[in-house]
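Q: Going by the numbering used here, the final residue of the sequence shown carries number 997, and the count climbs one at a time with no gaps. Below you will find the structure I want to go over with you.
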Amino acid sequence: MKNNITYRSIYQSCLEDEKVEVVTVNDGQELEPGKIDISDKLQNTLYHVKQKYGYGIVMLQEGDYYINKTIYIPRGIRLFGFGIKRPKITLIKNAAGFRLDREHTIKTAKYMCWFTANMPEKDEEVKDANPGTFYSALSNIDFAIESGNNNAVVIRAHFAQNCYVSYCHFEIGEGLAGIHSVGNEMEQLSFSGGDWGIYTGKCSPGWPFVMTDCYFTRQRKSGILCTQSGMTMARVVFEQIPVAVESMDGYWDKVIMKDCCFANLSTGILIASENNVCTQYNMRNILAEAVPIFAHMKDSKKNYHADSDQYIVKSFIHGAMAVYGNSEMEVKTVMELQNTPDKKYSCVSDTPDLPLQKDWTNIKKYGAIGDGITDDTEAIRRAIEDSDILYFPQGKYFISDTLSLKENTQLLGFLPIATQIILKDNTDKFAGIGAPKAMIETPVNGKNRIQSIGIDCAGRNPRAVAIKWQSGMSSYLYDIKFVGGHGRIDKDTEYLPAYNKTRTWDYNEDYQWDSQYWSLWITNQGGGTFKNLWTASPYAAAGIYISDTATKGIMYQVSSEHHVRQEILMKHVANWEFYGIQTEEEVAEGSYCQPFELSCCENLIFANLYAFRVIWVDNPYESVIRTWNCKKIEFQNFHNYTQMKYTILNAVYDANSKQTVGYWQLANLWIEDTETHIQMPDRSWEPKAILENLDCIDSMCADENGNLYICDSRLKRVYKWDQKTAKIELLLSTHYRPLSLACDTLGNLLMVVEYKPVKFAKKGETLELNIEEFGERSRQDFGACFYPFFRIDRRIRVLSMNTEKGESSVYELEPKLRSEVSLQKLYYPVNQWRDNGDMKTVIQLPDETCYIAPDGITGITNNPALARATGLCAVQKNGVFYAVDEYNKYVLKLKVDQNFNLHNPTIAVYRGEYSALAAENGELYVSDNLLYCYRGEQVRSLALAKRPACMIWKDKECKYLCISARSNLYIMKVKD
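See below:
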């Protein structure tokens, strides 16, 4: 049966890296002619690299090698073979400890290679690889077990993120298994013989496991025996075995198989504990040849099969199944065969081959140093212009500006903790406030590859994005560590802390969490294959942000963890698949983090999605996935869990319809359509809740086309109510805190934001916090309002964004003298709190400057009250303006002169908190504990379920009133 396995050597020569240590055929001891024992030399070399650097690469030269004892591979060490052919390591015949005369089991197994968390001298001292074992790997080496070793297993690999085993062939013979205890990701492995190819329980941190492009044949019992492993497979072939995949008796597992092949098997899969909702199987596009029983249930003895000798299983699902909108779920089995079994079977790998080494160019030939001090930007840019395939030896390559890749540029590293492209704190081009700026940017529809490199934005670069990915379907991002917070190692300290001693803040007290853009931003029709990614920087706004793409994309084994507000955010995304994707929230930074948020997405698959909260988290949370106007979303194997009592409440919460899917364990969930078109209320003065369960929405604005923008300030989010589609969606999630909103005549969104400069942030040569925005007024503030406290560590900034172009269009507006611009409309804060009760006086003081919008005629006054204002109101020349004096609890009516200055304040109403809004007919609406309407005197009042805050007219006729009320948004008809 055809498979995607390659048996060639992917490294035909040694890596050109002075830090790589090499073991050759000349380094071992000759056991007998032609047999070189490499056991001691290989072990000593692995330990030497670990002790010298804390992590590193050891390379084994082509040749036939023998061992007689276990080789331990410590944390952060990678062992690669090289040569025209792969080197081969064989366990000698009758090796001590590798044979048992009594019945042997996996519990008594002895390993040829063992990934560990320490450097043991003997088995009794071993600390098995664990949830903190990162970056280890083994690749491009073949293995064999000689006779007399029935207790032997080739590899124990219970490791975690950024670890893998790849490009190996296992001749297991009479041994037990090729691999025991899997972890993270493996690919291009072939297993021949043994009781099992793989025998495994739960992965180290309890995450799913991903295996692609592998081959199993001639196992005596089954290709894979597993329990609770989250086994996720793509393009895996099983041939001439009794059973392909078996779950252990009495245990559940969550198994995904895609584009796999079965040939000459008695049974395809054996499923245990079939009635347990944790037992979840999803299989798609499986070719079966000479497989009489496709699936067998161990408990009920039920069989599922086809009537022909060759058939294609289009879909096989077993477990708890639910449909969005239906409150009940059902445990069942559904098998669907392809209608045309004679159709040619397609199983093409989506993982591109590593380019041949003869085509690589060492980045150091262009003058790059990699010492973490020297600026390597221009050297790398020269290399990108001159060569397509760039090899980065171990080192830290400091850059000070964006690296823009060409269409075919490939960046190759081989250990992401050792090879990193880094920023220093307060790098000028990434500082301040404005649009996202990428460290590495790929071209639209590029054919790029980046692999095994750590990308470090540091902790004080507010505009930084690690990678902006716009490449096409044939591109590849592999084995990437987005550096920050968790997973740090150095040569002296095995586990560098991520937190302070009380576990309440970052280890570096000068760093701010949620202070930079997203680590990985896939946008502008970007797509391709993404595998073995770990994004866990708490400084980033999210681990992954995918936006504005319908290009096919597929992710395998992705871990996004330890963010403050969002782990994975997706907006306007279609045709993507995710296999083995996991999130984790920590108590200090992520107690209120949204694991997944999908806005206006369609045709997505999430397979073996695991959502986890650590044991210290001590608060409930609404949902794992929040959706906005999504359709055709499928979840295959869903696992929502924690060891403490606050498991996330729902699997899915749809923000528009307010529907939930509450199950924590599901084999299959189908969401056909959550699109919700808002229906305007028919009856007057009966408020209708449009949105609920947000945080605390307040400020709103509308553009010339009737689109409404809504601010959820504390969570740093802006929503859009689209006039044409009558839908609300998430427009913006930013690490700059939006305070109030406005629009100019061209439809640009203007955002007054709270900007908190990072330590040592400068504007020019001056520290930003030493720059006074309002001169002496900053200090004296004319009445002890909120601003003197605000200015201690924050500043007011105003941003503009083209809502059609998104985050790339964001830029900062600079204040200009009002006397030098031609204003037609000026926005003032609609509410103020002044402890001295002097608002009547202060509001009449003219502001010398304002922020001018891109249209050139709309401005926002530059006033300290912007720091606290929850809303803005546009005033016209010679018009009237209503403002709320919160301290004195009344609404002021003021006249606007020809120069937009305010005069003649009079008290209009003795009520008021956050806003007052006038209608064309002279009515005045005031938010307080109740919503009040005045026409000279009070006309009526209304109690809402939540306390009203800000108001805006949805239409120019002042017929429909929008009211923000803490976590809810209401629309109310006020006149016929």
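All C-beta atoms, glycine included, are put in the ideal place defined by N, C-alpha and C.
Return yes when the Cβ of N677 is within less than 8 Å of the Cβ of I749, no when it is not.
A: Closer than 8 Å, so yes.
Q: Please classify H317 as buried or exposed, where buried requires at least 16 other C-beta atoms within 10 Å of its C-beta.
A: Buried: at least 16 other Cβ atoms inside 10 Å.
Q: Rounded to whole angstroms, how far is the Cβ of I543 from the Cβ of I567, which I believe are closer than 8 Å?
A: Indeed, because the Cβ distance is near 5 Å, the residues count as touching under 8 Å.
Q: I'd like to check one pair, K379 with S421: are the Cβ atoms closer than 8 Å?
A: No; because the gap between Cβ atoms is not below 8 Å, this pair is not in contact.
Q: Could you check if N942 is buried or exposed, using at least 16 other CB atoms within 10 Å of its CB as the buried criterion?
A: Its Cβ having fewer than 16 others within 10 Å, N942 is exposed.
Q: Assign Y931 to one of two classes, buried (16 or more other C-beta atoms within 10 Å of its C-beta) or exposed (fewer than that).
A: Answer is exposed; the Cβ neighbour count stays below 16.
Q: Would you please state the rounded distance, in angstroms, between the beta carbons of S250 and V266? I believe it to be under 8 Å.
A: Incorrect: roughly 10 Å between the Cβ atoms, too far for contact.
Q: L965 lies in the beta strand (DSSP E); which residues open and close that run?
A: From DSSP, L965 is part of no beta strand (DSSP E); its letter is neither H nor E.
Q: Could you tell me how far apart the beta carbons of V896 and V917 are, in whole angstroms, since I believe they sit closer than 8 Å?
A: Their Cβ separation, rounded to whole angstroms, is 5 Å, which keeps V896 and V917 in contact under 8 Å.
Q: Considering just the uninterrupted stretch of the alpha helix (DSSP H) at N65, what are its terminal residues?
A: From DSSP, the alpha helix (DSSP H) with N65 extends over 60-74.
Q: So, is F810 buried or exposed, given that buried needs 16 or more other C-beta atoms within 10 angstroms?
A: Classification of F810: exposed, given that the 10 Å Cβ count is below 16.
Q: Quick one: what's got a C-beta closer than 7 Å to W381's C-beta in the same chain, skipping five residues either side?
A: I410, Y412, L433, listed in sequence order.
Q: Rounded C-beta distance between V831 and A456? I'm assuming under 8 Å.
A: Yes, they are in contact, since the Cβ atoms of V831 and A456 sit about 4 Å apart, within 8 Å.
Q: Ignore the nearest five residues each way along the sequence and tell me which others in L751's own chain have a CB closer than 7 Å to its CB.
A: So the qualifying residues of the chain are K592, E618, S620, W649, R738, Y740.
Q: Considering only residues of the segment 554-605, which uninterrupted beta strand (DSSP E) runs meet the minimum length of 3 residues and lie entirely inside it, listed in chain order?
A: With a minimum length of 3 residues, the continuous beta strand (DSSP E) runs that stay inside the segment 554-605 are 565-570, 574-582.
Q: On the premise that N553 lies in contact with Y499, defined as a C-beta separation below 8 Å, what is that separation, rounded to the nearest angstrom?
A: Their Cβ separation, rounded to whole angstroms, is 6 Å, which keeps Y499 and N553 in contact under 8 Å.
Q: Could you have a look at Y981 and say whether DSSP puts it in helix, strand or coil?
A: Three-state result, Y981: strand.
Q: Can you tell me which of the three DSSP states R839 falls into?
A: Three-state DSSP puts R839 in a helix.
Q: Taking 8 Å as the cut-off, does the segment 351-361 touch the segment 221-228 (at least 3 CB pairs, one atom from each stretch)?
A: Not touching, per the Cβ criterion.
Q: On a Cα-Cα basis, can you pick out the residue from M972, D216, V203, V186 that is closest to A173?
A: The option with the nearest alpha carbon to A173 is D216.
Q: Can the beta-carbon of I973 be found less than 8 Å from the beta-carbon of C722?
A: Yes, the Cβ-Cβ distance between I973 and C722 is below 8 Å.
Q: Out of Q700, V638, E841, T440, point me to the one whose CA is closest to Y991's CA.
A: Checking every option, the nearest Cα to that of Y991 belongs to Q700.
Q: Could you tell me the distance, in whole angstroms, from the CA atom of K445 to the CA atom of D531?
A: Approximately 14 Å, taken between the alpha carbons.
Q: For the segment 137-155 and the segment 189-201, state whether three or more C-beta atom pairs, one from each stretch, are separated by less than 8 Å.
A: With the cut-off at 8 Å, the segment 137-155 and the segment 189-201 do not touch.
Q: Per the DSSP calculation, Y236 is bridged to which residue(s)?
A: In the DSSP output, where bridge partners are listed per residue, Y236 has S211, V258.
Q: Any idea if Y516 is buried or exposed, counting beta-carbon neighbours within 10 angstroms, 16 or more meaning buried?
A: So Y516 counts as exposed.
Q: Determine the burial state of N285: buried for a count of at least 16 other Cβ atoms within 10 Å of its Cβ, exposed for fewer.
A: Under this definition N285 is an exposed residue.
Q: State the CB to CB distance for the pair G601 and V231, rounded to an integer number of angstroms; the pair is presumed to be in contact (CB under 8 Å).
A: Contact holds; Cβ gap of about 4 Å.
Q: Can you look up T300 in the DSSP assignment and give me helix, strand or coil?
A: Three-state result, T300: coil.
Q: Span of the beta strand (DSSP E) holding P759?
A: Here the beta strand (DSSP E) through P759 covers 758-764.
Q: Counting Cβ pairs closer than 8 Å, one from the segment 777-784 and one from the segment 666-684, do we hit at least three?
A: No: fewer than three Cβ pairs fall under 8 Å.
Q: On a Cα-Cα basis, can you pick out the residue from I881, K898, K709 that is closest to L965?
A: Checked all of I881, K898, K709; the closest Cα to L965 is K709.
Q: Going by C-alpha distance, which of R29, D85, E53 is nearest V44?
A: Here the closest residue by C-alpha is D85.
Q: Could you pull out every unbroken beta strand (DSSP E) segment of at least 3 residues lying fully inside the segment 129-158, listed in chain order?
A: List check, beta strand (DSSP E) in window: 131-136.
Q: Which of the three DSSP states is assigned to P263 in this structure?
A: Three-state result, P263: strand.
Q: Pick out whichever of L36, T129, A255, Y185 has its Cα sitting closest to the Cα of N24.
A: Checked all of L36, T129, A255, Y185; the closest Cα to N24 is A255.
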